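To keep things clear, I will list the structure first and then write my remarks on it.
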Amino acid sequence: MAGRPVTMATEELFRERYSEMVGLAGLLLNDRGAAEEVVQDAFAKYHLARHRVREPERQVAYLRSIVCNLARGRLRRWGLERRRQPLPEREALPTSDAAEARHRRDTVAAALAGLPRRQRECVVLRYWLDLPEREIAATLGIAAGSVKSHLHRGLAALESRLEDLR
Amino acid sequence: MRTDDMVREALADLAPTAPADNTALTGMHRAIGRRRRRQQVARIAAAVAFVALAVGTTAVVLDAGSDPSQVSTDPDDTTTPTTTPSTPTTTATTPETTEARPAETDRITLGPVSFQLPEGWVEVYREPRSSPFAEGEGEAMCIAPAGNEGLRWEDCSGLLIQQGDFLQGNEQAPYEPHAPWAWYHATDAAPCPTGPAGNQDYIQAPDGMGPIDQGFRSVGDRTASYDRWRAVCPQSGFTFEPEAWFLPESRVVVFDVFGHDETEAFLASFEFDS
Numbered sequence: 063m064a065g066r067p068v069t070m071a072t073e074e075l076f077r078e079r080y081s082e083m084v085g086l087a088g089l090l091l092n093d094r095g096a097a098e099e100v101v102q103d104a105f106a107k108y109h110l111a112r113h114r115v116r117e118p119e120r121q122v123a124y125l126r127s128i129v130c131n132l133a134r135g136r137l138r139r140w141g142l143e144r145r146r147q148p149l150p151e152r153e154a155l156p157t158s159d160a161a162e163a164r165h166r167r168d169t170v171a172a173a174l175a176g177l178p179r180r181q182r183e184c185v186v187l188r189y190w191l192d193l194p195e196r197e198i199a200a201t202l203g204i205a206a207g208s209v210k211s212h213l214h215r216g217l218a219a220l221e222s223r224l225e226d227l228r
Numbered sequence: 028m029r030t031d032d033m034v035r036e037a038l039a040d041l042a043p044t045a046p047a048d049n050t051a052l053t054g055m056h057r058a059i060g061r062r063r064r065r066q067q068v069a070r071i072a073a074a075v076a077f078v079a080l081a082v083g084t085t086a087v088v089l090d091a092g093s094d095p096s097q098v099s100t101d102p103d104d105t106t107t108p109t110t111t112p113s114t115p116t117t118t119a120t121t122p123e124t125t126e127a128r129p130a131e132t133d134r135i136t137l138g139p140v141s142f143q144l145p146e147g148w149v150e151v152y153r154e155p156r157s158s159p160f161a162e163g164e165g166e167a168m169c170i171a172p173a174g175n176e177g178l179r180w181e182d183c184s185g186l187l188i189q190q191g192d193f194l195q196g197n198e199q200a201p202y203e204p205h206a207p208w209a210w211y212h213a214t215d216a217a218p219c220p221t222g223p224a225g226n227q228d229y230i231q232a233p234d235g236m237g238p239i240d241q242g243f244r245s246v247g248d249r250t251a252s253y254d255r256w257r258a259v260c261p262q263s264g265f266t267f268e269p270e271a272w273f274l275p276e277s278r279v280v281v282f283d284v285f286g287h288d289e290t291e292a293f294l295a296s297f298e299f300d301s
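Set out below in structure tokens:
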């Protein structure tokens, strides 16, 4: 890669995990372009601070933590109004499978964006990355009991908001 | 369909995908460059601040005349300062305090140090500390006015004292003196301490996260690395200046997040095993 002084380890991790991290940031930010920027910056931060990670198996967890932190900072900058997007107005019933799929996706995205930040992070880490609660707690720097509580509340809120899709 | 299954399916559908191609890799390289430049600027700013502090310290020492023990440039008497002091280096300092030491029954031992609880204060908690991002373990203790009343940080309205191999620094990194916001241990955005729990007036550092004051201060008969930072709640306007005293040999750091009248006497009460 262009002879840049990035270690092979970072590049290897980048190639292995970039797409996953963009997915994570994209679900937290609901903006693919911003997600890619955040993830590239996250790898940069990881690269410059990688000496902090003493155990190799913690590398990905550390990277996920950085992505979550940077996504959180981006949301903060965007402001409260964007973080709490209202649910879209009810549209006319979809008339085709494609329209129905789009409607379903938009509704879920809006419901997810409407969750409090911490609940959304826990839901995404649990139900998209399939991380166990212990790993989510380590990623977010919170207690495992808090993860359980956020997941319970987040799922209950989504259940209520997605009732129409059943 | 169960809600969790529906959420799983929807998230898989919603999650954007992006290839780790050369365009993305170039984006990472540019981000590394930006971060390196910011680090260099921060280092230069820190160096300028250190020189300014050294000049100021020299002036103070000269003003002190026959009492050079008021200033030491050797934290915990173990590290070598990066500048040559203008007076003979002292091996220990004896901070001035006119307060009588309270009863020995309120004396607490934490690792190789002991200290006196301020009058009316209690030990609120004492628990282990570690980080997934660092080796070693440490111990954290909160001492506060009885009832732990008042503004709280890390569920402590008084002073936080840590001791051990692992001392918490910024966002779970190991503690480093003079590091940006080394008093801020969370990896999360912190709500303003003056508001209700979970408020969204997240504290910020509008003037940067580096220390606004740094140097050396007495702790017992040793000398500690000292830092003071500034934090602001943007919505309420509440501003506070967390302070930290770090003893590298004893592996002890004391945090005073909101400032207490008792802190000076508390620090003076420190005694060391060796």
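Each protein sequence line maps, in turn, to chains A and B. Counting in this note's numbering, the final residue of the first sequence is number 228, and the numbers go up one at a time with none missing. Counting in this note's numbering, the final residue of the second sequence is number 301, and the numbers go up one at a time with none missing. Note that beta-carbon positions come from the ideal geometry of N, C-alpha and C, so glycine has one too. All values derive from a computational prediction rather than experimental measurement.
Cβ-based neighbour list, residue i, same chain, cut-off 6 Å, excluding 5 preceding and 5 following
i: B:T290; result: D283
i: A:A71; result: none
i: A:L193; result: L187
i: B:A216; result: Y229
i: A:R196; result: A206
i: B:V259; result: Q231, P233, T266
i: B:V270; result: Checking the sequence, you will find Glu at residue 270 of chain B rather than Val. Once the five neighbours on either side are set aside, the close Cβ partners of B:E270 are R255, D283.
i: A:V185; result: G216
i: A:V209; result: C184, E195, I198, A199
Same chain only: Cβ atoms within 8 Å of residue i, ignoring 5 sequence neighbours per side
i: A:A96; result: A87, R136
i: A:L125; result: L75, R79, M83, A104, F105, Y108
i: B:D192; result: E162, G163, E164, G165, R278
Distance between beta carbons of residue j and residue i, contact taken as under 8 Å
i: B:L137; j: B:I188; result: 6 Å
i: B:W256; j: B:P238; result: 5 Å
i: B:P139; j: B:F293; result: Actually they are not in contact, since the Cβ atoms of B:P139 and B:F293 sit about 17 Å apart, beyond 8 Å.
i: B:A200; j: B:G185; result: Contact doesn't hold; Cβ gap of about 24 Å is too wide.
i: A:Q102; j: B:M55; result: 5 Å
i: B:Q195; j: B:H212; result: 4 Å
i: A:E98; j: A:V84; result: 6 Å
i: B:V75; j: A:L220; result: Between A:L220 and B:V75 the Cβ distance is about 51 Å, and since that is not below 8 Å, they are no contact.
i: B:F273; j: B:A251; result: 6 Å
i: B:S296; j: B:F142; result: 5 Å
Beta-carbon contacts of residue i that lie in its chain and below 7 Å, excluding the five residues immediately before and after
i: A:R215; result: Q181
i: B:G222; result: D228, S263
i: A:P118; result: none
i: B:E176; result: S184
i: B:N197; result: A206, P207, W208, A209, Y211
i: B:Y202; result: L194, Q195, G196, A209, F273, V280
i: B:P204; result: S252, D254, F273
Any non-hydrogen atom of the ligand COA within 6 Å of residue i CB
i: B:P218; result: Because no ligand of any kind appears in the structure shown, any question about the ligand COA cannot be addressed here.
Burial state of residue i, where buried means 16 or more other Cβ atoms lie within 10 Å
i: B:P155; result: exposed
i: B:M241; result: For the sequence presented, residue 241 of chain B should be read as Gln rather than Met. By the neighbour-count rule (16 or more Cβ atoms within 10 Å), B:Q241 is buried.
i: B:A58; result: buried
i: B:G165; result: buried
i: B:E247; result: For the record, residue 247 of chain B in the displayed sequence is Gly; it is not Glu. Result: buried.
i: B:L178; result: exposed
i: A:I17; result: Limits of chain A in this structure are 63 at one end and 228 at the other, which puts residue 17 of chain A out of reach.
i: B:D288; result: exposed
i: B:Q190; result: buried
i: B:N49; result: exposed
i: B:T44; result: exposed
i: A:I198; result: buried
i: B:P46; result: exposed
Which residues, in chain order, does the segment 89-113 of chain A contribute to contact with chain B at a C-beta distance below 7 Å? Here the close residues are L89, R94, A97, E98, Q102, D103, F105, A106, K107, H109, L110.
If the cut-off is 8 Å on Cβ atoms, which residues from the segment 32-49 of chain B count as contacting chain A, listed in chain order? Residues of the segment 32-49 of chain B with a C-beta atom less than 8 Å from some C-beta of chain A are M33, V34, R35, A37, L38, A39, D40, L41, A42, P43, T44, A45, P46, A47, N49, listed in chain order.
Listed in chain order, which residues of the segment 204-236 of chain B have Cβ atoms closer than 7 Å to some Cβ of chain A? When C-beta distances to chain A are compared with 7 Å, the residues of the segment 204-236 of chain B below that value are A213, T214, D215, A216, Q227, Y229, in chain order.
Using a Cβ-Cβ cut-off of less than 9 Å, give me the residues of the segment 174-193 of chain B that come near chain A, in sequence order. For the segment 174-193 of chain B, which is checked against every Cβ of chain A, not one residue is closer than 9 Å.
Residue ranges of each alpha helix (DSSP H) run of no fewer than 4 residues wholly in the segment 160-242 of chain B, ordered along the chain? Fully enclosed alpha helix (DSSP H) runs of 4 or longer: not present.
Start-end ranges of the alpha helix (DSSP H) lying completely within the segment 70-100 of chain A, minimum 4 residues: For the segment 70-100 of chain A, whole alpha helix (DSSP H) runs of length 4 or above, ordered along the chain, are 70-91.
Where are the alpha helix (DSSP H) runs, 4 residues long or more, that stay fully inside the segment 149-220 of chain A, in chain order? Correct list: 159-175, 179-189, 195-202.
Members of the segment 51-71 of chain B that neighbour chain A once the beta carbon cut-off is set at 9 Å: Contact residues of the segment 51-71 of chain B toward chain A are A51, L52, T53, G54, M55, H56, R57, A58, I59, G60, R61, R62, R63, Q66 (C-beta to C-beta distance below 9 Å).
Interfacial residues, the segment 74-90 of chain A to chain B, with Cβ spacing under 7 Å: Sequence-ordered contacts of the segment 74-90 of chain A with chain B read F76, R77, Y80, S81, V84, G85, G88, L89 [C-beta pairs closer than 7 Å].
What are the residues in the segment 215-227 of chain A lying within 8 Å of chain B by C-beta distance? Under the 8 Å Cβ criterion, the segment 215-227 of chain A contributes L217, L220, E221, L224, L227.
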